[in-house]
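Novice:
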Amino acid sequence: MSLALHLRLRIFHKDMLPTANVVSGCEDCACTATHAHLNSSQTASQRVPLTDAAYATPRESLLLQNLPKAFSGIFDPKGDGGVVVVNLPARQIFDFFHTPRSASDLAENFPAYSAHELSGAVALFEQLGLLLENGKPRPKQTQLSAKLTAWLHVTDACNLACPYCYLNKSGHAMDEATGFAAVDAILRSALAEKFKTVKLKYAGGEATLNFPLVIKLHDYATQLAERNHLGLEAVILSNGAALTAERIQEIKKRNIRVMISLDGLGESHDAQRPFVSGRGSFLAVNKSIERLIEAGHKPHLSITITSRNVDGVADVVKFALDRELTFSLNFYRENECSANFADLRYGEAQMIEGIFKTFRVIEENLPPWSILGSVLDRGQLVESRTRPCGVGQDYLVINHHGGIAKCHMEIEQTVTDVKMHNPLAVVRADLNGAQNPSVEEKEGCRDCQWRYWCTGGCPVATFKATGRYDVKSPNCNIYKAIYPEALRLEALRLLKYCSLN
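Residue numbers (the numbering used here): 434 to 934.
1) Alpha helix (DSSP H) containing K720: first to last residue?
2) Let me check understanding here. Comparing Cα to Cα, which of A523, H730, R811, V456 lies closest to R687?
3) Could you spell out the range, first to last residue, of the beta strand (DSSP E) harbouring I831?
4) State the DSSP-derived secondary structure class of L577, mapped to helix, strand or coil.
5) Is it right to say D759 is buried, meaning 16 or more other beta carbons lie within 10 angstroms of its own, or is it exposed?
6) Who are the Cβ neighbours of C443 in its own chain at under 7 Å, not counting the five residues just before and after it?
7) Verify whether the separation of the beta carbon atoms of A717 and A674 is less than 8 Å.
8) By Cβ distance below 6 Å, which residues in the same chain neighbour F715 in space, the five residues on each side in sequence not counted?
9) Does DSSP put E769 in a helix, a strand or coil?
10) Give a yes or no on whether the C-beta atoms belonging to G787 and I738 are separated by under 8 Å.
11) On the premise that A614 lies in contact with D836, defined as a C-beta separation below 8 Å, what is that separation, rounded to the nearest angstrom?
12) Assess, as a yes-or-no matter, whether the stretch 808 to 819 is touched by the stretch 748 to 762 under the definition of 3 or more beta carbon pairs within less than 8 Å.
13) Since I844 is in the beta strand (DSSP E), which residue starts that stretch and which ends it?
14) Does the distance from the CB of G612 to the CB of V587 come in under 8 Å?
15) Measure the C-alpha to C-alpha separation of L564 and W886 and round it to an integer number of angstroms.
16) Locate the beta strand (DSSP E) running through I684, then write down its first and last residues.
17) Exposed or buried, what is P800 when buried is set at 16 or more other beta-carbons lying within 10 Å of its beta-carbon?
18) Once DSSP output is grouped into helix, strand and coil, what is the label at K929?
19) Taking contact to mean at least 3 C-beta pairs separated by less than 8 Å, is the stretch 590 to 598 in contact with the stretch 766 to 774?
20) Are the CB atoms of I648 and Y631 within a distance shorter than 8 Å?
21) Provide the residue span of the beta strand (DSSP E) that contains V899, from first to last.
22) For the 8 Å Cβ check, are there 3 or more pairs between the stretch 912 to 930 and the stretch 811 to 818?
23) For the 8 Å Cβ check, are there 3 or more pairs between the stretch 740 to 759 and the stretch 778 to 794?
24) Whole angstroms are fine: how far does the CA of D589 sit from the CA of C891?
25) Cβ atoms of G515 and K447: under 8 Å apart, would you say?
26) Select from D827, S803, V851 the residue whose C-alpha is nearest the C-alpha of A579.
27) When we look at the beta-carbon of L670 and count the other beta-carbons within 10 Å, is it buried (16 or more) or exposed?
28) Where does A894 land, buried or exposed, given buried means 16+ other C-beta within 10 angstroms?
29) Can you name, in chain order, every residue of its own chain whose Cβ lies under 8 Å from the Cβ of A858, other than the five neighbours on each side?
30) Would you call the stretch 500 to 513 and the stretch 543 to 552 in contact, with 3 or more CB pairs under 8 Å?
31) Can you tell me the Cα-Cα spacing of K875 and C881, whole angstroms?
32) Name the DSSP beta bridge partners of N763, please?
33) Within a Cβ cutoff of 7 Å, which residues of the same chain sit near K902, ignoring the five residues on either side of it in sequence?
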């Protein structure tokens, strides 16, 4: 049976669209796409036979939203089936189980549908976690990440002077010997801890200011990964102010993805990402974006939201959508270097209004990819998990001297170096500096319906604001306000693109 069932019963879900249509917003953070998430239900393609037991909907936790053309969006924050979109007949069948009923009861109450249609609908709802056998949720099972992510700080120099930057820039760069030793250390940890894939993030400073080293390190990492049967992914994090056509070709040839920071259009961007001279950088960055598009190597845009640019975020998102560029929204995180710029701090109402304005733009230009992993700051609604990022779990930060820290926001607080045989083991065991407790350990999060999606926000930002790692994020109210609207956008996207199949 088709996953969409017959045309009379329409049930749309994420497994009906390519998995590549899910975008992560964690290129400039420690997040990983497969980090220790919770799996409470099989995907719709992993069919299990129905039993004669009674089934019921998880009514207390459900989020139900009305959509155009008499469709409905369904999401269970306690499950792991994602957003599901149903037409009116399918919604009626779903609502039939608001009290425990057996699948065999359906035929008597819905005589217009064949047994094949009804059993298929029940099976699909059950596998999506929306019908619970005997009303009991499936036990959650933790799946550990298969990917080790490493931040390679190839230079401390930068040609911009962004007020929210967390780095004390010295202008020093990583040398070749340190870089090769860093790659060796990363691969040693990957093999020792049995990861299947390594992801390298070439960062700075401005990574392109040490571009020859980036290329040498990537070529070396490619050889080592192939020799050790490891997958290799890479992204270069750039401000886009100095990406020439020649460099773009070198990047494209090696399949290194590019993330460009773009905080607005024109003055909105220039207000918080000027050159060191004070001149605005938008024109130079826009030119680099155009070059990347022309080269067939589209960048991902990272948008940092502060009080200065929150009103213009919708404009830059429209810019991205018009060019079919993926993007992520990141809330400004105060740090020691930025603390004197009080005008960067945003208020809750201001941020919520700016995000809702941005969501309206997205609704008018729904992309083929899911935005649930990229528009919610450090949260995401793609898959449930217990931690917001890989800090202390599957993440290494290597500075230009070869020191290794747990988080790039605390890159000066090193706990080991590239000479260590398995630096990840040291990072995991360290109890100083950045800590990344499970959301189940966080006060204010344990009983929240969004806990396995928000996971309490950035632990470093929370500690900065509260002095504790084991409490909810200071952005909690913002997250709770925008999550339902983000889910509605995903439901509209499924309705648009699944209907085409």
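In this text, a Cβ means the ideal position worked out from N, Cα and C, and glycines have one as well. A quick note: this is a predicted structure, and the numbers were derived from the prediction, not measured.
Specialist: According to the structure data:
1) 715 to 727 is the extent of the alpha helix (DSSP H) around K720.
2) Comparing Cα-Cα distances from R687 to each of A523, H730, R811, V456, the minimum goes to H730.
3) That run of the beta strand (DSSP E) goes 828 to 831.
4) L577 falls in the coil class under three-state DSSP.
5) According to the sequence displayed, residue 759 carries Thr and not Asp. Under this definition T759 is a buried residue.
6) The amino acid occupying residue 443 in the given sequence is Arg; Cys does not appear at that position. Within the same chain, R443 has close Cβ partners A437, V519, N520, A523.
7) A contact, by the Cβ cut-off of 8 Å.
8) Counting only Cβ-Cβ distances below 6 Å, and skipping sequence neighbours, we find G699, H702, D703.
9) Here DSSP, grouped into helix, strand and coil, assigns E769 to coil.
10) Yes; because the gap between Cβ atoms is below 8 Å, this pair is in contact.
11) Asp is not the amino acid found at residue 836; the sequence shown has Gly there. Contact annotation, G836 with A614: C-beta distance approximately 11 Å; criterion of less than 8 Å not satisfied.
12) Between the stretch 748 to 762 and the stretch 808 to 819, the count of C-beta pairs closer than 8 Å reaches three or more; the two stretches touch.
13) No beta strand (DSSP E) contains I844, which DSSP labels as neither H nor E.
14) The beta carbons of G612 and V587 sit closer together than 8 Å.
15) Those two C-alpha atoms are separated by around 20 Å.
16) No beta strand (DSSP E) contains I684, which is instead part of the alpha helix (DSSP H) from 678 to 686.
17) The residue is buried, with at least 16 neighbouring Cβ atoms inside 10 Å.
18) Look at K929 here: in three-state DSSP terms it is helix.
19) With a cut-off of 8 Å, the stretch 766 to 774 and the stretch 590 to 598 count as touching, because enough Cβ pairs lie within range.
20) One detail in the question is off: residue 631 reads as Val in this sequence, not Tyr. Going by C-beta atoms, V631 is not nearer than 8 Å to I648.
21) Contrary to the premise, residue 899 reads as Thr rather than Val in this sequence. It is not in any beta strand (DSSP E) - T899 instead sits in the alpha helix (DSSP H) that spans 892 to 899.
22) Counting Cβ pairs under 8 Å, three or more are found: they touch.
23) Yes: at least three Cβ pairs fall under 8 Å.
24) Straight-line Cα distance between these residues: approximately 23 Å.
25) For K447 and G515, yes; Cβs fall inside 8 Å.
26) The residue with the shortest Cα to Cα distance from A579 is D827.
27) Buried, by the Cβ-count rule.
28) Per the 10 Å Cβ criterion, buried.
29) These residues qualify, in order along the chain: S622, A625, E626.
30) By the Cβ test, the stretch 500 to 513 is not in contact with the stretch 543 to 552, since fewer than three Cβ pairs between them sit closer than 8 Å.
31) Note on geometry: alpha-carbon atoms of K875 and C881 lie some 10 Å from one another.
32) BP columns for N763 point to T737.
33) The sequence as given places Tyr at residue 902; Lys does not occur at that position. Leaving aside the five residues that flank Y902 on each side, the residues in its chain whose CB is nearer than 7 Å to its CB run, in chain order, Q868, P870, P892, T895, F896.
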